[in-house]
Every structure is written in structure tokens, then in C-alpha cells.
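**Student:** Here the sequence shown stands for residues 56 to 453, where the numbers follow the numbering used here. Every residue gets a Cβ at the ideal spot worked out from N, C-alpha and C, and that includes glycine. Since the model is a prediction, treat every value here as computed from it, not as a measurement.
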Amino acid sequence: MLFAAPLIQDPMAIFAYLTAVVGLIFILGESQNPFLKKFFHYAPPLIWTYFIPMISTTVGIIPDQSSLYDFVSTYVLPFGLLLLLLSANVPATLKLGSKALIMFFAGTFGIMIGGPIALAIFQPLLPDQAWTGVAALAGSWIGGSANMAALIEATGTPQEILSPIIVVDTVVGYSWMGIMIFLAGFQDKFNKWNKADNSVIKQVNEDMAQIERENARPVAVPQLAAIIGLGFGVSFIIRKFSETLPVTSVLSAGTWTIMIISAVGILLSFTPVRKLENFGASKVGYAGIYILLATIGAKADLAYVLDAPQYVFMGIVWLAIHVIIIFGMARLLRAPLFFVAVGSQGNVGGTSSAPVVASVFQPSLAPVGLLMGILGNVVGTYAAVGTAALAEMVSKFF
56 MLFAAPLIQD PMAIFAYLTA VVGLIFILGE SQNPFLKKFF HYAPPLIWTY FIPMISTTVG
116 IIPDQSSLYD FVSTYVLPFG LLLLLLSANV PATLKLGSKA LIMFFAGTFG IMIGGPIALA
176 IFQPLLPDQA WTGVAALAGS WIGGSANMAA LIEATGTPQE ILSPIIVVDT VVGYSWMGIM
236 IFLAGFQDKF NKWNKADNSV IKQVNEDMAQ IERENARPVA VPQLAAIIGL GFGVSFIIRK
296 FSETLPVTSV LSAGTWTIMI ISAVGILLSF TPVRKLENFG ASKVGYAGIY ILLATIGAKA
356 DLAYVLDAPQ YVFMGIVWLA IHVIIIFGMA RLLRAPLFFV AVGSQGNVGG TSSAPVVASV
416 FQPSLAPVGL LMGILGNVVG TYAAVGTAAL AEMVSKFF
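Encoded structure:
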């Protein structure tokens, strides 16, 4: 850190800073300058939406903890998810077939066996209770933070282990997201090398883009107000309702919120409310998700990596096993890179980043990534419990 204390600490000032950063990044990303066009083709704006706030925290411009970050994850995430799912074309999405699901579960399997293997390698450098950290991280990497919280409670992860695990989750997990976004620029080359049939994906993407072009309307104040009001209003009501539901080691208020908001969003996509997409509902939803990603980046202070290098290396080995398995399955199935991306991010990134990564690969197919993220939420806790059992066995033998 270059400063004794963060320069910006007021939550509203942090919000202004992060939204300005996100806005500037996307303005530059739309530039027609030849250098910038090529630069952002291979390093899309989304990478910098996460990376610049991370650097800002590391050098001491903004803090790694703020009430703003909690507010955004509690209310802005469901706001964005609702508006993205509201615009989903579920029947068209189902045309993608079973390969997307197979790739997702291949990614889940990679996380489940990767954690115990990585723990076996690094156990001599780690405390006896490190397996509980592996369980917690498995919850995050097969679903998201709600699943992670469930595993923390289920295994009793000590704080001295949880702190470096959170660093690994953020730094390693979102670095992988950045790599996947970077690879989007090479998907045609990969698909050609892998002899993958990408025609169905392209056709569905083009069909959905055509529907959007034919129905798009200029944004008007009444419709924009309706979009924002619906998004935050429904999100707030569902969040408060979720807080009244039973809480277990598997289901937290956050988990209930994501599950209910997802169901409501899909149901609304079959109603006249879906017409709000003609006025840019999903674009407003993306704005919320981008701000969420900026706050996630802001939580990652790279200085913490130096305090827990063994955990970071364990996370890298763990994720490498996941990558080997999911790419191996892609090779076996001749699956296109898009399915690799949504299958992996549906696990590692969950609902917050999977739709964003999907949209970088195929602009009209963000709902596919979102549905993979929701699937991760559903199976994440149970798969992570299995991972925890394997990790505990490893801890007794190494």
C-alpha cells in the first residue's frame, strides 16, 4: 500500500469512484482507435472492470472492506440477475442441447477431485484444519458465496484459515475469469483446432440478436423507471421474504434470494413483462453486474497473497486440475470453447460472472451462463460436502 490509509473511504465516494472507473473502461472499449480496438479485442473491458479496482485497493486508493460492497452483493446482484433472466429466451436456449450440461458437470468433477489432490500436495505446509478451507473454497467454486457460507458453517472453518482462502477465492478464481475472457478472442481458432461444431451456438445467438433488433425501442423515461423500479422493488421484497425463511447449513437468506429471484425472472420471461427488454432491461441489468464485479475486485488486496503463498499455490494447482478435466472433456466431445467457458464459470464464478463471460463469447447468450450459474447454486453445497469428505480423508493420510 502506498498510503497509510485508503484515500477514499466514504461509501458514496467509493461508489462514485468505481462507477467512474467502469464508465471510463467501457468508453475506451467502444473507441474506434485502431490500437484500442485491437487491445480490447484480446483484453476485453470486463477484465479491467475487475482488475483496476483490485489495483486501486492494493495501492491504497480504496479499502478492501466497505458497507458499499455488502449492499451491492445483497441488493444489486439480485437486481441484475432479475433483469437478465427477465429477458431470457428459454426455448431458444434449450436448443443448445446437452453438451453445455455435460461440460458444466465435468467442471464440477474437476473441482471436486482437484481440491483433495491439491491438498495432498501442500498438506505438509498447511495446518491440520486446512481441509475445512478446501471445503469452503469448494462451496464457492461450485456455486458461489452462499454455498461457501454453508460449508463454513458445516465444517467450522477457523478464521485463520478462512482469511487466506478468501484471498485465493478472489485472486485465483477471478484471474481465471480474466483468462477465460481473454480466450474469447481466440474461440474461432480453438473451435477449428478442436473440430467443434459451433453452428448451433451461432444460430441461436443470431436468432436472439435478430429478435432484439426487430423489437428494440428507444429508451424512454417511463420504461426506464419501470425497469429500475421493478428490478429493485422485486429484489428488495424477495430479499426481505428470504430472511423469514428457514436457514440451514445449506440454505442462507442469500441462497434463498438467488433461487427465488431466478425463478421469478424465468417466469416473467414468459409474460408481457418481458417486453421491457425492448427498452433495454438486460442492459440495465448488466450495469448492475459490472458494478458488482468492480466491488469484487476492490475486495482483493494483492498484498495478502504474500501472506499466504502456500494457499495461493494450492489454489492454482486445484484450478489447473479443473481446467485440464474440462478441456479434456471438450476435446472428447468436440465441444466449442463457449461451452468450456460457461461450464467453467458456472462453477467457479457462479451467477455473478458466468453470464458476463458468456456475453463476451456470444453477446446474446448471457442467459445461458446465468442458468449455468444457477445450476451451480443448486448443486454447489452438495458437491462441496462431497469434496469436504474427500479433503478430510486426505488430511488424515498426509
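Are the CB atoms of residue 91 and residue 320 within a distance shorter than 8 Å?
**Tutor:** Their beta carbons are not under 8 Å apart, which means residue 320 does not touch residue 91 by this criterion.
**Student:** Does the Cβ of residue 241 have 16 or more other Cβ atoms within 10 Å, making it buried, or fewer, making it exposed?
**Tutor:** When all chains shown are included, residue 241 counts as exposed.
**Student:** Return the first residue and the last residue of the alpha helix (DSSP H) that residue 125 is part of.
**Tutor:** Looking at the DSSP string, the run of the alpha helix (DSSP H) that includes residue 125 is 122-126.
**Student:** Can you tell me the Cα-Cα spacing of residue 275 and residue 434, whole angstroms?
**Tutor:** If I take the Cα positions, the gap works out to 40 Å.
**Student:** Would you identify the three-state DSSP class for residue 93, choosing helix, strand or coil?
**Tutor:** Reduced to three states, the DSSP call for residue 93 is helix.
**Student:** Around the C-beta of residue 400, are 16 or more other C-beta atoms found within 10 angstroms, so that it is buried, or is it exposed?
**Tutor:** Classification for residue 400: buried.
**Student:** Among 87, 183, 345 and 331, which one has its Cα closest to the Cα of residue 106?
**Tutor:** Minimum Cα distance to residue 106 is reached at 345.
**Student:** Apply the 10 Å Cβ neighbour rule to residue 248 and answer buried if 16 or more other Cβ atoms are within range, or exposed otherwise.
**Tutor:** Exposed, since its Cβ has fewer than 16 Cβ neighbours within 10 Å.
**Student:** Mind checking which residues open and close the alpha helix (DSSP H) that includes residue 382?
**Tutor:** 364-388 is the extent of the alpha helix (DSSP H) around residue 382.
**Student:** Where are the alpha helix (DSSP H) runs, 4 residues long or more, that stay fully inside the region 60-119, in chain order?
**Tutor:** Complete alpha helix (DSSP H) runs here, min 4: 66-84, 89-97 and 100-114.
**Student:** Is residue 183 helix, strand or coil by DSSP?
**Tutor:** Coil at residue 183, not helix or strand.
**Student:** Taking the alpha helix (DSSP H) that residue 338 falls in, what are its first and last residues?
**Tutor:** 336-353 is the span of the alpha helix (DSSP H), which, as asked, contains residue 338.
**Student:** With 16 as the cutoff for other CB atoms within 10 Å, does residue 451 come out buried or exposed?
**Tutor:** Exposed, by the Cβ-count rule.
**Student:** Terminal residues of the continuous alpha helix (DSSP H) containing residue 398?
**Tutor:** That run of the alpha helix (DSSP H) goes 392-403.
**Student:** Leaving out five residues before and five after residue 19 in sequence, what residues of the same chain have Cβ atoms less than 6 Å from its Cβ?
**Tutor:** Summary: the structure shown does not reach residue 19, with the chain confined to residues 56 through 453, and so no result is reported for it.
**Student:** Quick check on residue 325: buried or exposed, where buried means 16 or more other Cβ atoms within 10 Å of its Cβ?
**Tutor:** Residue 325 comes out exposed.
**Student:** Where does residue 417 fall in DSSP's three states?
**Tutor:** Correct three-state label for residue 417: coil.
**Student:** Since residue 135 is in the alpha helix (DSSP H), which residue starts that stretch and which ends it?
**Tutor:** Per DSSP, residue 135 belongs to the alpha helix (DSSP H) from 132-141.
**Student:** At which residue ranges does the region 166-248 contain complete alpha helix (DSSP H) runs of 4 or more residues, listed in the order of the chain?
**Tutor:** Whole alpha helix (DSSP H) segments, 4+ residues: 185-196, 200-210, 214-238 and 242-248.
**Student:** Measure the beta-carbon distance from residue 421 to residue 139 and round it to whole angstroms, keeping in mind my assumption that it falls under 8 Å.
**Tutor:** About 6 Å separates the two Cβ atoms, so the contact holds.
**Student:** Look up residue 274 in the DSSP assignment and say whether it is helix, strand or coil.
**Tutor:** Reduced to three states, the DSSP call for residue 274 is coil.
**Student:** CA-CA distance, residue 391 and residue 314?
**Tutor:** Straight-line Cα distance between these residues: approximately 29 Å.
**Student:** According to DSSP, is residue 411 helix, strand or coil?
**Tutor:** In this structure, residue 411 counts as helix in the three-state DSSP scheme.
**Student:** Given a threshold of 16 other Cβ atoms within 10 Å of its Cβ, counted over all protein chains shown, does residue 122 qualify as buried or as exposed?
**Tutor:** Flag for residue 122 reads exposed.
**Student:** Could you check the C-alpha separation between residue 164 and residue 277 for me, to the nearest Å?
**Tutor:** Approximately 47 Å, taken between the alpha carbons.
**Student:** Measuring straight from C-alpha to C-alpha, what distance separates residue 202 and residue 405?
**Tutor:** Their backbone Cα atoms lie some 10 Å apart in a straight line.
**Student:** Beta carbon of residue 193, beta carbon of residue 442: below 8 Å?
**Tutor:** The answer is yes: Cβ separation under 8 Å.
**Student:** Count the CB pairs spanning the region 126-139 and the region 376-385 that are closer than 8 Å, and state whether there are at least three.
**Tutor:** With a cut-off of 8 Å, the region 376-385 and the region 126-139 do not count as touching, because too few Cβ pairs lie within range.
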